[in-house]
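Step one of this worksheet: look at the structure below.
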Ligand SMILES: Cc1cc2nc3c(=O)[nH]c(=O)nc-3n(C[C@H](O)[C@H](O)[C@H](O)COP(=O)(O)OP(=O)(O)OC[C@H]3O[C@@H](n4cnc5c(N)ncnc54)[C@H](O)[C@@H]3O)c2cc1C
């Protein structure tokens, strides 16, 4: 087995597999040495298999730059090269039909993530892409000295190999047991790239023990969640919050979590507040409680609140606010009413910490997009090196956006690298 490749791709996750397929389809490795995928894991695709609750949320019906935290005009250009329609057609060509759910998320019709992984691996095999598992890459040396063609020496834990182009697709640090442990950033740094501070995103949040989340575990409700950093609102979004035994999760919390983890990582004062009656401001809620008090003075405050939020939450909130749930509206003091209105419209969530890399779905931070040529994903620092997927400083919200980023960047880099070889 010769240890020379046209293109070596480091990391055979979603982005690396896509890049290999598109590079091979564009002609790389057809006549000369091959396309080689090196991965440190024993088995390929662990993250794809666990994604979307084992169903793999491949993309979303509508993907825009606003769905990502990343440099918007660069994200826009990359998505324009390979967007949702192209992704759906591509998966159909691989034999994977996608279906749309009410949320706009697209899943394989089989509801099985292994359908996606198998299709990608089959295509790699058909195209003659060589996949080497148990090959953890330790370092990459670039012999690029223009005008000579770039050349890379890739040292891994089984020896070394050479390649004319190298594509780094090592992911971030989320779910490290799948093989994505952040080492790829060190390789990128050794090659001259910078890496912005990284922190868990799409991660559940742990609340202080004094909060009432434990008794509500399993209850979910619609909220408006606001994140404030040193007094300035940095995020506000509406969606479903899930109470859990450790704190809070659910789409709205996962999406907002990056703002909390980033601020915390930067040592800022960060506060999260929840509004449990979306569509009503504090004044309207106050009026509603007063009007109801006049109409039905014997109704209990918990019963009233439960007209608009889950029963268990209504009772737990009253206890938390030190208002006896059975207090009749007629007996509710002005101070108690103020507490209830405040609790319903602006309850501070005492977030202690995020749940950490083992529970984060994605990594925020990474190699800045400004160091990449968005037309090819080639490094602006090292000719012949390409960087793709989660290792870049771009993270999407929940709903299939992070895989879309992997497919899109994989497409651009695969094509770009193949084209540069034939130039
Ligand atoms: C539980 C969970 C559920 C998710 N569900 C969804 C979902 O439904 N939809 C969605 O859009 N996104 C989802 N995501 C996010 C999505 O899985 C990732 O954003 C995406 O997989 C990133 O792809 P990637 O190829 O860049 O990195 P990864 O998938 O992390 O792949 C990186 C690969 O590189 C290998 N590697 C790392 N370092 C080295 C090295 N030094 N040498 C060799 N190989 C190396 C790793 O073994 C790994 O195989 C989920 C994430 C998690 C954790």
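Numbering (the numbering used here), first residue to last: 1345 to 1767. Beta carbons are placed, not taken as given, at the ideal position from N, Cα and C, and that holds for glycine. Predicted model, so just to flag it, every value in this text is computed and none were measured.
I need the DSSP call for residue i, collapsed to helix, strand or coil.
i            : result
residue 1599 : helix
residue 1485 : strand
residue 1746 : helix
residue 1630 : helix
residue 1501 : coil
residue 1404 : strand
residue 1479 : coil
residue 1670 : coil
residue 1496 : strand
residue 1621 : coil
residue 1455 : coil
residue 1682 : helix
residue 1740 : strand
residue 1732 : coil
residue 1345 : Legend: pLDDT at residue 1345 = 46, less than 50; position of this residue unreliable, value from coordinates given subsequently. In the structure shown, residue 1345 sits in coil (DSSP, three-state: anything other than H, G, I, E or B).
residue 1443 : strand
residue 1357 : coil
residue 1706 : strand
residue 1449 : strand
residue 1754 : helix
residue 1590 : coil
residue 1696 : strand
residue 1535 : coil
residue 1689 : helix
Does the distance between the C-beta of residue i and the nearest non-hydrogen atom of ligand 1 fall short of 7 Å?
i            : result
residue 1682 : no
residue 1382 : yes
residue 1734 : yes
residue 1467 : no
residue 1747 : yes
residue 1479 : yes
residue 1700 : no
residue 1523 : yes
residue 1470 : no
residue 1400 : yes
residue 1391 : yes
residue 1710 : no
residue 1549 : no
residue 1723 : no
residue 1396 : yes
residue 1768 : The structure shown does not extend to residue 1768, since the chain is modelled only from 1345 through 1767, so no value can be given for it.
residue 1618 : no
residue 1821 : Examination of residue 1821 is not possible in this model, given that the chain is present from 1345 through 1767 alone.
residue 1442 : no
residue 1744 : yes
residue 1578 : no
residue 1414 : no
residue 1519 : yes
residue 1359 : yes
Tell me which residues share the same chain as residue i and place their Cβ nearer than 8 Å to its Cβ, disregarding the 5 neighbours each side in the sequence.
i            : result
residue 1559 : 1656 and 1660
residue 1666 : 1683
residue 1401 : 1395, 1449, 1450, 1451, 1743, 1744 and 1747
residue 1629 : 1621, 1685, 1688 and 1689
residue 1487 : 1494, 1495, 1496 and 1497
residue 1387 : 1477
residue 1520 : 1526, 1701 and 1702
residue 1442 : 1402, 1403, 1432, 1435, 1436, 1450, 1451, 1452 and 1453
Assuming residue i and residue j make a contact with CB atoms under 8 Å, what is their CB distance in whole Å?
i            : j            : result
residue 1476 : residue 1382 : 5 Å
residue 1532 : residue 1711 : 5 Å
residue 1421 : residue 1718 : 5 Å
residue 1356 : residue 1472 : Not confirmed; about 15 Å, so no contact.
residue 1380 : residue 1359 : In fact, because the Cβ distance is near 16 Å, the residues do not count as touching under 8 Å.
residue 1691 : residue 1618 : 5 Å
residue 1393 : residue 1457 : 5 Å
residue 1723 : residue 1537 : 7 Å
residue 1571 : residue 1600 : 5 Å
residue 1567 : residue 1614 : Between residue 1614 and residue 1567 the Cβ distance is about 18 Å, and since that is not below 8 Å, they are no contact.
Between residue i and chain C, is there a C-beta pair that is closer than 8 Å?
i            : result
residue 1646 : This model lacks chain C altogether; it includes just one protein chain.
Given residue i, which residues of its chain have a CB within under 6 Å of its CB, disregarding the five upstream and five downstream residues?
i            : result
residue 1751 : 1362 and 1431
residue 1740 : 1411, 1412, 1746 and 1749
residue 1406 : none
residue 1643 : 1673
residue 1345 : With a pLDDT of 46 at residue 1345, under the threshold of 50, the predicted position of this residue should be treated as unreliable, though the coordinate-derived value follows. Within the same chain, residue 1345 has no close Cβ partners at all.
residue 1589 : 1558 and 1561
Given residue i, which residues of its chain have a CB within under 7 Å of its CB, disregarding the five upstream and five downstream residues?
i            : result
residue 1755 : 1362, 1366, 1425 and 1426
residue 1540 : 1709, 1710, 1712 and 1737
residue 1517 : 1524, 1525, 1526, 1542, 1701 and 1707
residue 1696 : 1550, 1551 and 1552
residue 1439 : 1463
residue 1480 : 1384, 1500 and 1501
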